[in-house]
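*Asks:*
In the UniProt record's numbering, the protein residues as written are 1 to 418.
1. Using C-beta distances below 6 Å, list every residue in its chain close to residue 133, excluding the 5 sequence neighbours before and after it, in chain order.
2. When you compare only the Cα positions, how much space is there between residue 73 and residue 127?
3. Rounded to the nearest angstrom, how far is the Cβ of residue 53 from that of residue 163, given a contact under 8 Å?
4. Exposed or buried, which one is residue 247 when buried takes at least 16 other CB atoms within 10 Å?
5. Within the segment 194-266, note down every full beta strand (DSSP E) run reaching 3 residues or more, in order along the chain.
6. When we look at the beta-carbon of residue 25 and count the other beta-carbons within 10 Å, is it buried (16 or more) or exposed?
7. Does the Cβ-Cβ distance between residue 371 and residue 198 come in under 8 Å?
8. Of the choices 219, 204, 338 and 112, whose alpha-carbon is the least far from that of residue 286?
9. Please confirm whether residue 66 and residue 401 have their CB atoms less than 8 Å apart.
10. Identify the continuous beta strand (DSSP E) that holds residue 189 and give its terminal residues.
11. When you compare each of 80, 269 and 310 to residue 217 by their alpha carbons, which one comes out closest?
12. Could you tell me how far apart the beta carbons of residue 208 and residue 316 are, in whole angstroms, since I believe they sit closer than 8 Å?
13. The ligand HEM heavy atoms versus the CB of residue 270: any closer than 7 Å?
14. Given residue 118, which residues of its chain have a CB within under 8 Å of its CB, disregarding the five upstream and five downstream residues?
15. Using the rule of at least 16 other Cβ atoms within 10 Å of the residue's Cβ for burial, across every protein chain shown, is residue 155 buried or exposed?
16. Exposed or buried, residue 187, counting other C-beta atoms within 10 Å across all chains shown (16 or more means buried)?
17. Is it the case that the Cβ atoms of residue 257 and residue 271 are separated by a distance below 8 Å?
18. Nearest by alpha-carbon distance to residue 214: which of 278, 392 and 295 is it?
19. Based on Cα-Cα distance, which residue from 235, 140 and 336 lies nearest to residue 306?
20. Would you mind listing the beta strand (DSSP E) stretches within the segment 133-188 that are 3+ residues and don't spill past its ends, in chain order?
21. Residue 94 by DSSP, collapsed to three states: which one?
22. How would you call residue 425, buried or exposed, if buried means at least 16 neighbouring beta carbons within 10 angstroms?
23. How about residue 182 and residue 361: do their beta carbons lie closer than 8 Å?
24. If we ignore side chains and look at the alpha-carbon of each, how far apart do residue 412 and residue 95 end up?
25. On the DSSP bridge assignment, give the partners of residue 274 in chain order.
26. How do the segment 67-87 and the segment 164-183 stand: do at least 3 beta-carbon pairs fall below 8 Å, yes or no?
27. What are the complete beta strand (DSSP E) segments, minimum 3 residues, inside the segment 363-413?
28. Could you give the first and the last residue of the continuous alpha helix (DSSP H) run that contains residue 296?
29. Determine the contact status of residue 467 and residue 148, defining contact as a CB-CB distance below 8 Å.
30. Rounded to a whole number of angstroms, what is the C-alpha to C-alpha distance between residue 366 and residue 239?
31. Using only alpha-carbon positions, find the residue among 99, 112 and 116 that is nearest to residue 106.
32. What distance in whole Å lies between the Cβ atoms of residue 141 and residue 152, which are believed to be in contact at a cut-off of 8 Å?
33. Quick one: measure Cβ to Cβ for residue 226 and residue 303, integer angstroms, because I've assumed they're closer than 8 Å.
34. Nearest-angstrom Cα distance between residue 192 and residue 267?
35. Going by Cα to Cα distance, which pick from 265, 230, 99 and 220 is closest to residue 185?
36. Could you spell out the range, first to last residue, of the alpha helix (DSSP H) harbouring residue 322?
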């Protein structure tokens, strides 16, 4: 958990940058000026949700906005992503900031005037707000290059919600080349609008998938002794697999194992030849993830031997846990407390959801920031067909990321481990 801190008072800006207070005020004023246009962009994207890598309209909107700011974006990075580098007046390191662009295969039920125009597609995770936020950051940084040291790389990523990762595709196309650190943000309806949350350690969990085929020998239900029952064996495996979390892991370093599908047989009176089950493993540390995977194979193979069946395991590793860099988190606490004039809260970290931004934080120090998006009077949750986040969180996220870009790249900022 992150500690509460007071506003910092020891930041020393580089010679070419105005004072801490002047920078804070300049950012706030520009955010206030562009906030209505950012909301309009968000509503446009929200009304036209796109899935996976098919974010072509959204990418074109992003490209047009960046070019309007006088920037030169690269399109088609990671198939349909957009990347742009904003170089400051002074040399320095490169900071990557990411927004995700894709929606979810959910039919929207909000009834909002700008609700999805496409049946079965909805921005129910707030990626529309993330995209608008990062465009706001582009506006501020492009106007204030003289205050900026180093380079800020903005990436607008497709396919965060799909098994095939947009982050992986963009990294393969060079999006992570030369970066020193990486930051993303996510709206969080569990936090009040105006609050910003940071977490030390894991922000999200790993996500691995498995398909297990248990092969027995078919026989009539009246003669079970003449076959090998794969359904009974699969049931034993599933029951034993739950003991990994319950009895093999330290409760303080827990994990989640979920069976989401089981299928075997076609009728009442036949023991089938095979039974299939599939699900996911999720963990919040690399060591716990490794233990879970090894124990999973051990139990499935042991049960198969005990029940006189064969087992075929298809285990697919997904994204790793998103591990926030502790040193970077401490820097962010200080910078954001200075910008907003209040302490930064500890973001709840109970979720075992996954996030492919972890593929960036595997390579360089990184962090996910949580921006409070709770709409007063509502009890919203991500991935819900009636999700209605507070649009004020766009301006808050823009202000936060812009300030972090200036300060993290400042020569006076401690750079240990970065």
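For each residue, glycine too, the CB sits at the ideal point set by N, CA and C.
Since we're looking at a predicted model, the values are computed, not measured.
*Replies:* The answer reads as follows:
1. 394, 397 and 398
2. Taking the straight line joining both Cα atoms gives about 20 Å.
3. Not confirmed; about 12 Å, so no contact.
4. exposed
5. 196-198, 201-204, 208-215 and 255-264
6. exposed
7. no
8. 204
9. no
10. First-last of the beta strand (DSSP E) with residue 189: 181-192.
11. 310
12. Indeed they touch by this definition, with Cβ atoms about 7 Å apart.
13. Although the ligand HEM was asked about, the structure shown includes no ligands whatsoever.
14. 48 and 49
15. Under this definition residue 155 is a buried residue.
16. buried
17. no
18. 278
19. The candidate whose alpha carbon is nearest that of residue 306 is 235.
20. For the segment 133-188, whole beta strand (DSSP E) runs of length 3 or above, ordered along the chain, are 149-157.
21. The answer is strand: DSSP assigns residue 94 an E or B state.
22. This structure does not reach residue 425, given that the chain is present from 1 up to 418, and the question cannot be answered.
23. yes
24. 16 Å
25. 215
26. Counting Cβ pairs under 8 Å, three or more are found: they touch.
27. 366-374
28. 286-307 is the extent of the alpha helix (DSSP H) around residue 296.
29. The chain is shown from 1 up to 418; residue 467 falls before or after that span and cannot be answered.
30. 38 Å
31. 116
32. Approximately 6 Å separates the beta-carbon atoms of residue 152 and residue 141; this is inside 8 Å, confirming the contact.
33. So it is not a contact: roughly 21 Å between Cβ atoms.
34. 53 Å
35. 99
36. From DSSP, residue 322 is part of no alpha helix (DSSP H) but of the beta strand (DSSP E) over 322-324.
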